[in-house]
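K.L.:
Residue numbers (the working numbering): 84 to 662.
Provided herewith is a single structure, encoded as structure tokens, for subsequent inquiry.
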Amino acid sequence: MLNRESDASVPNGLARPSDLPPRCTAVSLLGVDYHQLKAADGGEIYLTRFGLPFWRNLLPENWYAPDWFEAKRERLEGTSMVYRVPTRAVNGTALNLVAKWSRVGEVVPFDTLSVNKFIHAEFNSPFEEFSLLMELRKGEAGPQGIRIHTQRPMAIYLPNERLQLWQTGRSEDKIRAKVTRHPGVEIDILRQYVVLFGWIKGLDAVKTADQFKLEGRARAEFLARTTSLVTHELWQKGCRVVDMKPAHIILRPGPDRSLLRDRNGQIAYALVDYELLERTHEHEKAVRSANRQLYLKHMARRFEADAAAPLPAHLHAVNFLGVDYIFGRAESTGGMLWVAGKDPDLFNYFLPERWRRTPKKKLSSRNEVFSTRTKDNINLIWKVSRMGDPPWLSNPEANKPAAREYGFNSPFEEFAFALELSRQGVKTVYPRAIYMTGHKRESGRQDADERRYAALAHLRTPDGEPLVRKEYDYITIWGFWNGPDELLAADDGQYYHAVNAQRAFANKTISQEALKELMQLKAERLARFGFEDLNPKPDHLLVSFDAGEKMVIGSLGKPEVRLCNFELIRRRPPASGES
84 MLNRESDASV PNGLARPSDL PPRCTAVSLL GVDYHQLKAA DGGEIYLTRF
134 GLPFWRNLLP ENWYAPDWFE AKRERLEGTS MVYRVPTRAV NGTALNLVAK
184 WSRVGEVVPF DTLSVNKFIH AEFNSPFEEF SLLMELRKGE AGPQGIRIHT
234 QRPMAIYLPN ERLQLWQTGR SEDKIRAKVT RHPGVEIDIL RQYVVLFGWI
284 KGLDAVKTAD QFKLEGRARA EFLARTTSLV THELWQKGCR VVDMKPAHII
334 LRPGPDRSLL RDRNGQIAYA LVDYELLERT HEHEKAVRSA NRQLYLKHMA
384 RRFEADAAAP LPAHLHAVNF LGVDYIFGRA ESTGGMLWVA GKDPDLFNYF
434 LPERWRRTPK KKLSSRNEVF STRTKDNINL IWKVSRMGDP PWLSNPEANK
484 PAAREYGFNS PFEEFAFALE LSRQGVKTVY PRAIYMTGHK RESGRQDADE
534 RRYAALAHLR TPDGEPLVRK EYDYITIWGF WNGPDELLAA DDGQYYHAVN
584 AQRAFANKTI SQEALKELMQ LKAERLARFG FEDLNPKPDH LLVSFDAGEK
634 MVIGSLGKPE VRLCNFELIR RRPPASGES
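Given below as structure tokens:
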């Protein structure tokens, strides 16, 4: 795995007081501690805690001397002046550095689309860049399960020579604005600033695609998936890189076209190039609350997004059984994912690595149903679909012959029925996403009910594969009920909590008579809209309580209930004599 705190190119080490450079001054700029010292060429060096143990290597004469730098440097691709250069060996230690000339104060070169989107974007000053990078590396903001791997910020070097203004390409107005924003940090418009980073081994995503000989659609999808993953995780940490490019992402490809992955199966990557790294507006306010609020706002409008807007190359807008989804592959597992709605920004929230291995609580003694809090601090319920299992039921209220004849719904039927009932006014929990695992079942079951697979065989993914495949498990992901999406999007809070009606009766919150009445009302309401539950059970209904522990009462003066199980919901067959 890419190591966040070390790399073979940058040895580990801590500076002892006796090893500190002579006549250095400790300073703190934008929250970062530096040791500042004068270089022999008259320039200045600001050493971070990562660079301090190697301060001798970082002296300009050990990497920037003309005879050494010009002979040893390797120009790296990009629009800026950036080089890979080794240092001279000092006490047996040499470093591989990335030296980049800061473009602070210059006009950001964007294409027209990017200019319209990021019209106010500006290159970071070197001290802003290091401050944001240190904050990102520390990782305290946002979900703690996410770590963004980066280069080590080693030092900032200011050569002694002063340039003419026309040579710098800088805008006086932009530099003045930087100084006004951070009055404790001096930015000299006529001086160069060189930021020094530790080298990270690997290949950027573009070169990885070249090595894998990817072309056409396969290449576009690989680059889009990789960029989308990094963008999403940065967003969760309260940051973004304006004009993010695949060339900013370092991967570790293997000889067999494999990629190094982390313990969750997600692609291991490192982010490089931070001159356009910035906090999101939400992070400026409060990262955790802002991230959740963004999710809730997107979720409340997930079926209203502009379907005509271009999607990332690795995602597709699809519709199955009347429900819109954003479809894509889960690269960490080889599975497939359908996120309900039209909003591609929601896709990454439901990738399996974000919820499969987070702590979970089992909610049923008979079925695989779990609640969890995802890496993005979202509460979800996930259930392993029983599609293909024979419905042998013990519930005395179940219509057992009809259930055996009908069979368990597919996940796509469950979502279609839940959303249709919700539109009709029947309160339900919220369907979020459907995930097909990437690993085949160990062996086929002899008593498997294959009727659903046959009935839906005409439905195909954008890649032409069957929508439902009997050799894989499917998992449905539902919202954890704590209030309507629209209410939470407007003002996040723990408005409600839910207890299933069976437990409410066991807790003596509702009487047996009230329980029977709720079950009857539910059956009547389903029938009114042409549906029935072949396995009606009290634990299929959620009773809501407000923050004051008062039961939420519906418009009919009865406890408000919400349907949470759709496995054996079906359209009512026509009665005898009906057409």
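Backbone N, C-alpha and C define an ideal beta-carbon position, used for all residues, glycine too.
#1: Compute the Euclidean distance between the alpha carbons of Tyr357 and Trp318, then round it to the nearest angstrom.
#2: State the DSSP-derived secondary structure class of Arg253, mapped to helix, strand or coil.
#3: Who are Met634's beta bridge partners in DSSP?
#4: Looking at the unbroken alpha helix (DSSP H) that takes in Met602, where does it start and where does it end?
#5: Please name the residue in Val355, Pro329 and Glu607 whose C-alpha comes closest to that of Phe280.
#6: If you run the structure through DSSP and keep just helix, strand and coil, what is Ala587?
#7: Please report the straight-line C-alpha distance between Phe403 and Pro549, rounded to a whole angstrom.
#8: Would you say the region 220-235 touches the region 290-303, given that touching needs at least three Cβ pairs under 8 Å?
#9: Starting from Leu219, trace the alpha helix (DSSP H) in both directions and tell me its first and last residue.
#10: If you compare alpha carbons, which of Gly125, Arg440 and Asp622 is closest to Ser448?
#11: Going straight from the alpha carbon of Trp438 to that of Tyr536, what length do you get?
#12: Which of helix, strand or coil does DSSP assign to His118?
#13: Could you tell me whether any non-hydrogen atom of the ligand GTP is closer than 6 Å to the CB of Thr314?
#14: Determine the extent of the alpha helix (DSSP H) in which Trp146 is found, giving its start and end residues.
#15: So the alpha helix (DSSP H) Ser454 belongs to, where does it begin and stop?
#16: Tell me which residues share the same chain as Ala499 and place their Cβ nearer than 7 Å to its Cβ, disregarding the 5 neighbours each side in the sequence.
#17: Classify Thr170 as helix, strand or coil using the three-state DSSP reduction.
#18: Measuring only the C-alpha atoms, how far is Lys155 from Val181?
#19: Decide if the region 497-514 is in contact with the region 589-602; the criterion is three or more beta carbon pairs, one per stretch, under 8 Å apart.
#20: Just to confirm my understanding: we take Leu604, look at its own chain, exclude 5 residues before and 5 after, and list those with CB closer than 7 Å. What are they?
#21: In angstroms, rounded to a whole number, what distance separates the CA positions of Phe612 and Leu394?
#22: Evaluate contact between the region 323-331 and the region 282-289, counting only Cβ atoms and requiring at least three cross-stretch pairs below 8 Å.
#23: Would Tyr240 and Val277 be called neighbours here (beta carbons separated by less than 7 Å)?
#24: Hey, quick one: how far does the beta strand (DSSP E) through Gly281 stretch, first residue to last?
#25: So what's His399 in DSSP terms, helix, strand or just coil?
#26: Give the secondary structure of Arg655 by DSSP, where H, G and I count as helix, E and B as strand, and everything else as coil.
#27: Per DSSP, which one or two residues make a beta bridge with Phe410?
#28: To the nearest angstrom, report how far apart Ala538 and Ser627 are at their CA atoms.
#29: Return the bridge partner residues of Tyr579 from the DSSP annotation.
#30: Checking the sheet assignment: what are the DSSP bridge partners for Asn616?
#31: Sorted by chain position, which residues of the same chain lie with C-beta nearer than 7 Å to Gln250's C-beta, five sequence neighbours on each side aside?
#32: Only counting the same chain, and skipping five residues up and downstream in sequence, which positions put a Cβ closer than 6 Å to that of Gln294?
#33: Given Asn199, which residues of its chain have a CB within under 6 Å of its CB, disregarding the five upstream and five downstream residues?
#34: With C-beta atoms as the reference, is Asp79 less than 7 Å away from Gly471?
#35: Whole alpha helix (DSSP H) runs in the region 316-364 with 4 or more residues, listed along the chain?
#36: Would you identify the three-state DSSP class for Lys380, choosing helix, strand or coil?
P.N.:
According to the structure shown:
#1: Start at 1 with the first residue of the sequence shown, and residue 357 comes out as number 274. Start at 1 with the first residue of the sequence shown, and residue 318 comes out as number 235. Here the alpha carbons of Trp318 and Tyr357 stand approximately 14 Å from one another.
#2: Start at 1 with the first residue of the sequence shown, and residue 253 comes out as number 170. Model confidence at Arg253 stands at a pLDDT of 48, short of 50, so the residue's coordinates are unreliable and nothing is read from them.
#3: The count along the sequence shown starts at 1 and reaches residue 634 at position 551. Met634 is bridged to Phe628.
#4: As a working note, residue 602 is residue 519 in the sequence shown. Segment Gln595 to Arg611, the alpha helix (DSSP H) holding Met602.
#5: Counting from one through the sequence shown, the residue named residue 280 turns up at place 197. Checking every option, the nearest Cα to that of Phe280 belongs to Val355.
#6: For the purposes of this step, residue 587 is identified with residue 504 of the sequence shown, where counting begins at 1. Residue state for Ala587 is assigned as helix, using DSSP reduced to three classes.
#7: Sequence index remark: in the sequence shown, residue 403 carries index 320 (1-based). Sequence index remark: in the sequence shown, residue 549 carries index 466 (1-based). Each residue's Cα considered, the two are about 12 Å apart.
#8: These segments do not touch.
#9: If you number the sequence shown from 1, residue 219 lands on position 136. Counting along the chain, the alpha helix (DSSP H) containing Leu219 begins and ends at Pro209 to Lys221.
#10: The residue given as residue 448 occupies position 365 in the sequence shown. For Ser448, the closest of Gly125, Arg440 and Asp622 by C-alpha to C-alpha distance is Asp622.
#11: By one-based count along the sequence shown, residue 438 stands at place 355. By one-based count along the sequence shown, residue 536 stands at place 453. Distance between the alpha carbons of Trp438 and Tyr536: 27 Å.
#12: Here residue 118 refers to the residue found at position 35 when the sequence shown is read from its first residue. In this structure, DSSP gives His118 an extended state, which the three-state scheme calls strand.
#13: With respect to small molecules bound, the structure shown includes none, and the ligand GTP cannot be examined in it.
#14: By 1-based counting over the sequence shown, the position of residue 146 is 63. DSSP places Trp146 outside any alpha helix (DSSP H), giving it a letter other than H or E.
#15: Residue 454 sits at position 371 when you count from the first residue of the sequence shown. In this chain, Ser454 is not harboured by any alpha helix (DSSP H); it is covered by the beta strand (DSSP E) spanning Val452 to Arg456.
#16: As a first step, residue 499 is located in the sequence shown; it is residue number 416 there, counting from the start. The residues are Leu404, Gly405 and Val406.
#17: For the purposes of this step, residue 170 is taken as the residue at position 87 of the sequence shown. Three-state result, Thr170: coil.
#18: By 1-based counting over the sequence shown, the position of residue 155 is 72. By 1-based counting over the sequence shown, the position of residue 181 is 98. About 12 Å.
#19: Touching, no.
#20: On the sequence shown, residue 604 is found 521 positions in, with the first residue counted as 1. In its chain, beyond the 5 residues on either side, Lys641 have a beta carbon closer than 7 Å to the beta carbon of Leu604.
#21: Locating residue 612 in the sequence shown gives position 529, counting from the first residue. Locating residue 394 in the sequence shown gives position 311, counting from the first residue. Cα-Cα distance, rounded: 35 Å.
#22: By the criterion of at least three beta-carbon pairs nearer than 8 Å, the region 323-331 is in contact with the region 282-289.
#23: Locating residue 240 in the sequence shown gives position 157, counting from the first residue. Locating residue 277 in the sequence shown gives position 194, counting from the first residue. Cβ distance < 7 Å, so Tyr240 and Val277 count as in contact.
#24: Along the sequence shown, one-based indexing puts residue 281 at 198. Here the beta strand (DSSP E) through Gly281 covers Val277 to Gly281.
#25: The sequence position of residue 399 within the sequence shown is 316, counting from 1. Strand at His399.
#26: For the purposes of this step, residue 655 is identified with residue 572 of the sequence shown, where counting begins at 1. Coil.
#27: One-based indexing of the sequence shown puts residue 410 at position 327. According to DSSP, residue pairing for Phe410 in a beta bridge involves His399 and Trp421.
#28: Walking along the sequence shown from the start, residue 538 turns up at place 455. Walking along the sequence shown from the start, residue 627 turns up at place 544. So the two alpha carbons sit approximately 37 Å from each other.
#29: Here residue 579 is taken as the residue at index 496 of the sequence shown, counted from 1. DSSP output for Tyr579 lists Asp629 as bridge partner(s).
#30: Numbered from 1 along the sequence shown, position 533 holds the residue referred to as residue 616. Reading the sequence as shown, one finds Asp at residue 616 and not Asn. Answer by DSSP bridge pairing, in chain order: Ile652.
#31: As a working note, residue 250 is residue 167 in the sequence shown. At Gln250 the pLDDT is 47, less than 50, meaning the model places this residue with poor confidence; the figure from the coordinates comes in the next sentence. Cβ within range, chain order: n/a, list empty.
#32: On the sequence shown, residue 294 is found 211 positions in, with the first residue counted as 1. Around Gln294, the same chain offers Pro336 as residues with beta carbons nearer than 6 Å, after the five sequence neighbours per side are excluded.
#33: Taking the sequence shown and counting its residues from 1, one reaches residue 199 at position 116. Caution is warranted here: a pLDDT of 47 is assigned to Asn199, below 50, making its placement in the model unreliable, and the coordinate value is therefore given only provisionally. Cβ-Cβ distances below 6 Å link Asn199 to nothing in the same chain once the five nearest sequence neighbours on each side are left out.
#34: In this structure the chain extends from 84 to 662, so residue 79 is not present and cannot be described.
#35: Qualifying alpha helix (DSSP H) stretches: none in this window.
#36: Within the sequence shown, residue 380 is the residue found at index 297, counting from 1. Taken through DSSP and simplified to helix, strand or coil, Lys380 comes out as helix.
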